[in-house]
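Residue numbers (this note's numbering): 1 to 310. Just so you know, even glycine gets a beta-carbon here, dropped at the ideal spot from N, CA and C. The next block holds one structure in the form of structure tokens; read it before the comments.
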């Protein structure tokens with residue numbers, strides 16, 4: 001019996017969870033849609049009613065709903081943008097600054113008792129951000145020569161900017177510089193390592209937006225060409241002339257093709273080029289050889305007009 005007394009002494013009936021109102025999203029952008037969600041509703045409610053403000057005032061009634069008839073009645077405070085759902089949730093579409101304030105839900109229980117709770121809506125002046133776009137002052141820069149300025153647009157107020165390169169945050173580098181508002185990224189003496197892709201992200205209190213990837217077409221050249229330089233001398237004759245021996249690095253055979261693996265030997269070889277039928281080879285243009293430079297030679301037999309060799 002003492003055990004029964006102890007159990008009765010410490011036993012307390014379970015408490016019913018209190019009705020709560022959740023605003024989704026918590027911060028609303030002007031022009032967006034919001035939901036006022038009702039949590040911990042009583043079982044088998046008879047009716048719901050939403051009011052503008054913190055009091056139950058019929059002049060501020062937005063809408064009411066009767067469960068037994070599945071009927072919704074609009075009140076004086078209904079603006080045409082509100083929808084009351086059977087689960088007690090209130091939808092407000094295209095919210096404005098004027099919608100900021102308190103909203104009260106009144107729930108009528110099956111025993112005719114009522115329960116009410118107030119939620120709050122805060123509409124920010126910020127709007128949902130558009131998709132940003134990266135622009136460049138030079139989309140085809142030369143490596144080690146040009147400086148590139150990347151801009152994330154459009155410019156909007158109360159917006160923060162972030163940059164990524166090759167899906168990583170910007171590395172620490174003296175050649176990368178962000179503007180004070182971080183909307184502009186400057187790449188000094190760009191290299192192929194900085195070609196991207198770049199992505200810009202914009203944020204405000206109500207939204208996040210990312211740009212499409214942007215990749216630079218970095219142009220580059222080399223003072224030391226890779227591979228062999230092949231030159232051929234073609235002379236017009238009928239019947240065909242004997243193959244001309246051109247001086248090569250390895251002059252083991254007679255050929256019309258010259259292979260020069262090292263451009264430091266160009267000058268020496270150019271002075272040595274000869275052909276069996278006594279044409280002379282002269283250099284008409286020989287710029288510093290680069291990846292996009294052109295070496296033009298002329299094969300000039302003594303009794304013929306010049307034959308260009310490219």
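Legend entry - First through last residue of the beta strand (DSSP E) which encompasses residue 116: 114–121
Legend entry - Short Cβ contact (8 Å threshold) for residue 145 with residue 217: no
Inset, instruction - For residue 79, collect the residues of the same chain with a Cβ closer than 7 Å to its Cβ; drop the 5 residues on either side in sequence, then sort them by chain order. - result: none
Inset, instruction - Please report the Cβ distance between residue 23 and residue 55, rounded to the nearest whole angstrom; I am assuming they are in contact, meaning their Cβ atoms lie under 8 Å. - result: That belief does not hold up - the Cβ atoms of residue 23 and residue 55 are roughly 19 Å apart, past 8 Å.
Legend entry - Reduced DSSP secondary structure (H/G/I, E/B, other) of residue 168: strand
Inset, instruction - Look at residue 136 and residue 150 and say whether their C-beta atoms are less than 8 Å apart. - result: yes
Inset, instruction - Only counting runs of 3 or more residues, tell me where the beta strand (DSSP E) segments fall wholly within the segment 191–223, in order along the chain. - result: 198–203, 208–210
Inset, instruction - Measure the alpha-carbon distance for residue 43 versus residue 109 and round it to whole angstroms. - result: Put simply, the backbone Cα of residue 43 is about 8 Å away from that of residue 109.
Inset, instruction - Give me whichever residues DSSP pairs with residue 148 in a beta bridge. - result: 187
Legend entry - Extent of the continuous beta strand (DSSP E) to which residue 66 belongs: 61–66
Legend entry - Host beta strand (DSSP E) of residue 83 (start-end): 82–84
Inset, instruction - Measure the CB-CB distance between residue 163 and residue 185 and report whether it falls below 8 Å. - result: If you check the CB distance, residue 163 and residue 185 come in under 8 Å.
Legend entry - Local conformation of residue 182 per DSSP, three classes: coil
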